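Numbering (the working numbering), first residue to last: 1435 to 1693. C-beta atoms are modelled at their ideal positions from N, C-alpha and C, and glycine is treated no differently. Only a predicted model underlies this, so the values are computations on that prediction, with no experimental measurement involved. First the structure, in the form of structure tokens, and then the observations on it.
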């Protein structure tokens, strides 16, 4: 939760970010690191130390609650990828205290336009695709809305640019964070699915508690968004990079649908 004098917000969504109750963060190094971040002019609570710090950094730089919320969400996309990320969508509810007005931004991910009741049917067998195909391949991909959500919120209700609010997350992605027990547990739960993709294994291959996790590809993507805006997220060059690991007989079609 981020509280500021004039604007407060609640942000929630699938694969975007939720307002999480504050919880201690362990294993920022081999020694315990206090999960509290201090600052003035506002308050931030999130699921992760780095995310809370990102929000406070933006507030300390003069940003408002919307600016800070997006910084928090972007940082959690690095350190808490199982709670939110830019590959999906969500909802943002904003309350403008001075106007006593509520605004909702609907940015839920959408199904490709040509998806139908036969999209999960293998035409060669007439049977439903295996579960792995339905959940971990191009067949299961929808069109994400998170980045556009952030851009609309910044343009209409924020005070800072993408370049400003994404800097904390870029630094975490480049410099890395220390895997805690919860991160390792969740990663291990998904290991079989991750093993299907070499680029994912390169980052999330059986991490150990205390190991530093870096995500240079996500840092690069954030930099592109910071420099070129949300539209770069749906341009052909970046889309092809996403779908290269998914190139089966369905993912190319979904790439076209997304464009």
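Alpha-carbon to alpha-carbon, residue 1555 and residue 1549: Position 115 of the chain shown, counted from the first residue, corresponds to residue 1549. Position 121 of the chain shown, counted from the first residue, corresponds to residue 1555. Straight-line Cα distance between these residues: approximately 11 Å.
Rounding to the nearest angstrom, what Cα-Cα distance links residue 1552 and residue 1538 in this structure? For the purposes of this step, residue 1552 is taken as the residue at position 118 of the chain shown. For the purposes of this step, residue 1538 is taken as the residue at position 104 of the chain shown. C-alpha separation (whole angstroms): 34 Å.
For residue 1581, collect the residues of the same chain with a Cβ closer than 8 Å to its Cβ; drop the 5 residues on either side in sequence, then sort them by chain order. Translated into the one-based positions of the chain shown, residue 1581 becomes position 147. Counting only Cβ-Cβ distances below 8 Å, and skipping sequence neighbours, we find 1520, 1659, 1664 and 1667.
Under three-state DSSP, which class holds residue 1516? Position 82 of the chain shown, counted from the start, is the residue given in the question as residue 1516. In this structure, residue 1516 counts as coil in the three-state DSSP scheme.
Neighbour-count burial assignment, residue 1633, 16 or more Cβ in a 10 Å radius: Stepping through the chain shown from its first residue, residue 1633 is reached at position 199. Looking at its Cβ environment, which holds fewer than 16 other Cβ atoms inside 10 Å, residue 1633 is exposed.
Alpha carbon to alpha carbon, how far is residue 1543 from residue 1523? Give it in angstroms, no decimals. Stepping through the chain shown from its first residue, residue 1523 is reached at position 89. Stepping through the chain shown from its first residue, residue 1543 is reached at position 109. Distance between the alpha carbons of residue 1523 and residue 1543 is about 5 Å.
If distances are taken between C-alpha atoms only, which option among 1623, 1497 and 1545 comes closest to residue 1591? As a position in the chain shown, residue 1591 is number 157, starting the count at 1. It is 1497.
Of the listed residues 1644, 1640 and 1599, nearest to residue 1611 (C-alpha basis): Residue mapping note: residue 1611 aligns to position 177 of the chain shown, counting from 1. If we check each option's Cα against that of residue 1611, 1644 comes out closest.
The alpha helix (DSSP H) spanning residue 1598 covers which residue range? Indexing the chain shown from 1 puts residue 1598 at position 164. Taken as a continuous stretch (DSSP letters only), the alpha helix (DSSP H) holding residue 1598 covers 1596 to 1599.
Closest to residue 1656 by C-alpha separation, out of 1494, 1493, 1599 and 1618, would be which residue? Along the chain shown, one-based indexing puts residue 1656 at 222. It is 1599 whose Cα lies nearest to the Cα of residue 1656.
I believe residue 1518 touches residue 1507 by the beta-carbon criterion, under 8 Å. Please report the beta-carbon distance rounded to the nearest angstrom. Walking along the chain shown from the start, residue 1518 turns up at place 84. Walking along the chain shown from the start, residue 1507 turns up at place 73. Going by Cβ atoms, the distance from residue 1518 to residue 1507 rounds to 6 Å, so yes, they are a contact pair.
Exposed or buried, what is residue 1511 when buried is set at 16 or more other beta-carbons lying within 10 Å of its beta-carbon? Within the chain shown, the letter at position 77 stands for residue 1511. When all chains shown are included, residue 1511 counts as buried.
Take the Cβ of residue 1579 as the centre, count every other Cβ of all protein chains shown within 10 Å, and call the residue buried at 16 or more, exposed below. For the purposes of this step, residue 1579 is taken as residue 145 along the chain shown, with counting starting at 1. It counts as buried.
Report the option in 1638, 1499, 1515 and 1516 whose CA atom is closest to the CA atom of residue 1526. Residue mapping note: residue 1526 aligns to position 92 of the chain shown, counting from 1. Taking only the C-alpha atoms, the option nearest residue 1526 is 1499.
Determine the burial state of residue 1443: buried for a count of at least 16 other Cβ atoms within 10 Å of its Cβ, exposed for fewer. Counted from its first residue, the chain shown places residue 1443 at position 9. A caution first: residue 1443 carries a pLDDT of 34, below 50, which makes its placement in the model unreliable, though a value can still be read off. Answer is buried; the Cβ neighbour count reaches 16.
With 16 as the cutoff for other CB atoms within 10 Å, does residue 1540 come out buried or exposed? The residue you call residue 1540 lines up with position 106 of the chain shown. So residue 1540 ends up on the exposed side.
Quick one, are the C-beta atoms of residue 1608 and residue 1596 less than 8 Å apart? Against the chain shown, residue 1608 aligns to sequence position 174. Against the chain shown, residue 1596 aligns to sequence position 162. Result no, Cβ atoms of residue 1608 and residue 1596 do not sit closer than 8 Å.
With distances taken from CA atoms, which of 1476, 1485 and 1481 is nearest residue 1605? Residue mapping note: residue 1605 aligns to position 171 of the chain shown, counting from 1. Checked all of 1476, 1485 and 1481; the closest Cα to residue 1605 is 1485.
Cβ of residue 1488 within 8 Å of Cβ of residue 1602? Residue 1488 sits at position 54 when you count from the first residue of the chain shown. Residue 1602 sits at position 168 when you count from the first residue of the chain shown. It is a contact, given that the beta carbons lie within the stated cut-off.
Which class does residue 1575 belong to by DSSP, given the choice of helix, strand or coil? What you label residue 1575 is simply residue 141 of the chain shown in a count that begins at 1. Looking at residue 1575 - three-state DSSP - the assignment turns out to be coil, as it is neither helix nor strand.
With 16 other CB atoms within 10 Å as the buried threshold, where does residue 1562 fall? Within the chain shown, numbered from 1, the residue matching residue 1562 stands at position 128. It counts as exposed.
Using a threshold of 8 Å, state whether the C-beta atoms of residue 1637 and residue 1613 are closer than that. Residue mapping note: residue 1637 aligns to position 203 of the chain shown, counting from 1. Residue mapping note: residue 1613 aligns to position 179 of the chain shown, counting from 1. No, the Cβ-Cβ distance between residue 1637 and residue 1613 is not below 8 Å.
Can you give me the Cβ contacts of residue 1568 inside the same chain, cut-off strictly under 6 Å, excluding the 5 residues immediately before and after it? Working through the chain shown from its first residue, we reach residue 1568 at position 134. So the qualifying residues of the chain are 1554 and 1574.
Three-state secondary structure assigned by DSSP to residue 1666: As a working note, residue 1666 is residue 232 in the chain shown. Looking at residue 1666 - three-state DSSP - the assignment turns out to be helix.
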